[in-house]
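Residue numbering for the sequence shown follows the working numbering, starting at 5 and increasing by one per position. Every residue, glycine too, gets a C-beta built ideally from N, C-alpha and C. Because the structure is a prediction, the values reported are computed rather than measured. Here is the structure we will look at, set down as structure tokens.
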Amino acid sequence: MDRIGVVGAGTMGTGVAQLFAEHGHEVVLVDVADHILENALADISRNIRLAPLVRPGTPERPPEQVTGRILFTTDLKQLRHVDYLVENVTERWDVKRPLYEELDTLCPPKVPFGVNTSAIPITRVAAATSRADRVIGTHFMNPAHLKPTVEVIRGHHTSDETLARTQALLDDVGRRHIVVADSSGFVTNRVLMLTLNEAIFVLHEGVSSAADIDRLFKECFGHAMGPLETADLIGLDTVLLSLEVLYGDFNDPKYRPCPLLRRLVDAGLHGRKTGQGFHSYERSNESGVR
Ligand code: NAD
């Protein structure tokens with residue numbers, strides 16, 4: 005079993021840590037504050053308790069069987085001895101860049117870096133390290149411990165060996181993978197973020213209510229979730245940051261974030277993780293609610 009470093013214990017890092025720990029890997033989960041790690045521990049414990057209900061066929065087990073494999077820490081130096089690292093910190097280049105520079109000096113050169121970003125190009129991340137051939141996009145879907153497929157992105161210098169190592173690791177935790185070339189937003193978010201933003205414009209202009217916009221996508225198209233529910237699940241702050249990356253990288257006004265999105269983020273209404281976005285949520289199920 006590999007020792008997996010997971011940096012960032014927010015919406016995505018928590019699910020990624022749970023996924024690897026559930027499949028028997030030792031995990032080092034790092035964030036900047038104890039209360040964030042305490043929330044991550046509480047969320048993973050609740051997910052494990054509810055797993056037999058949410059995922060029929062999953063055996064009941066004490067949460068400690070899984071959480072006991074995770075070292076929750078604010079000490080980045082604990083990542084010195086990991087075999088593979090998945091980074092899930094805030095979608096801001098001024099946050100990710102200095103982190104990668106530090107991780108590059110901390111982790112042995114052979115350790116691959118899996119980048120779980122929504123939109124930042126993998127080649128840009130790789131350039132902040134001295135191991136560009138071992139940097140690869142591992143775009144997990146939310147919630148990471150439940151979603152079956154990962155979008156894998158080859159940066160300009162990503163080696164065949166790093167790709168094969170990443171695919172083997174994902175196979176090991178029961179995840180399918182679809183490999184794409186590097187581009188801001190990759191395939192998924194280059195398309196999805198436009199849709200979410202346009203749905204927010206439709207609400208902003210009073211064309212329909214939030215509930216009906218989501219119902220139209222679910223009832224007419226058979227989508228599991230409407231676009232505003234999806235934005236709430238991702239986190240409205242992360243949607244805004246992703247649109248800003250796309251807007252800047254493509255220099256195309258089609259990605260300009262809707263003013264209503266900005267207002268909700270300024271108001272601290274970030275979706276499920278804060279309990280309120282376009283809809284209201286309770287901290288009571290296994291769907292990534294924080
Ligand atoms: P989040 O805001 O929920 O969590 C980010 C976490 O990173 C926070 O807990 C923050 O304290 C931590 N952090 C910030 N700087 C750090 C540092 N230097 N060291 C350690 N921890 C640090 O965000 P999220 O939704 O989990 O997104 C994380 C990454 O995953 C982003 O790049 C995002 O674009 C990407 N992503 C998000 C989703 C989604 O649906 N939310 C899906 C796929 C990928």
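- Around the Cβ of V11, a 10 Å sphere holds 16 or more other Cβ atoms; the residue is buried.
- When only Cα atoms are considered, N193 and H143 end up about 10 Å apart.
- For D253 against S188, the beta-carbon gap comes to about 4 Å, under 8 Å, which counts as contact.
- Taking the C-beta atoms as reference points, L41 is found nearer than 7 Å to F76.
- With respect to G19, P147 sits close: the two C-beta atoms are nearer than 7 Å.
- When secondary structure is reduced to three states using DSSP, E233 falls in the helix class.
- Spanning the alpha carbons of P60 and L54 requires a straight line of approximately 10 Å.
- Judged by DSSP secondary structure, E68 falls within the alpha helix (DSSP H) whose first and last residues are 68-71.
- L174 sits close to V154, with the two beta carbons spaced by under 7 Å.
- Closest by C-alpha distance to G141, out of V86, E233, A168, is A168.
- Three or more pairs of CB atoms, one per stretch, sit closer than 8 Å, so the region 72-87 contacts the region 21-32.
- Between L232 and I217, the C-beta gap is smaller than 7 Å, which places the two residues in contact.
- Under the rule that a run must span 4 or more residues, the alpha helix (DSSP H) segments found entirely inside the region 118-157 read 126-130.
- The C-beta of R276 has 16 or more other C-beta atoms within 10 Å across all chains shown, which makes the residue buried.
- With a threshold of 16 other beta carbon atoms within 10 Å, N51 meets it and is buried.
- The beta carbon of A37 lies closer than 7 Å to those of T78 in the same chain, with the five residues before and after it left out.
- With a cutoff of 7 Å on beta-carbon distance, L245 and I204 are scored as not near each other.
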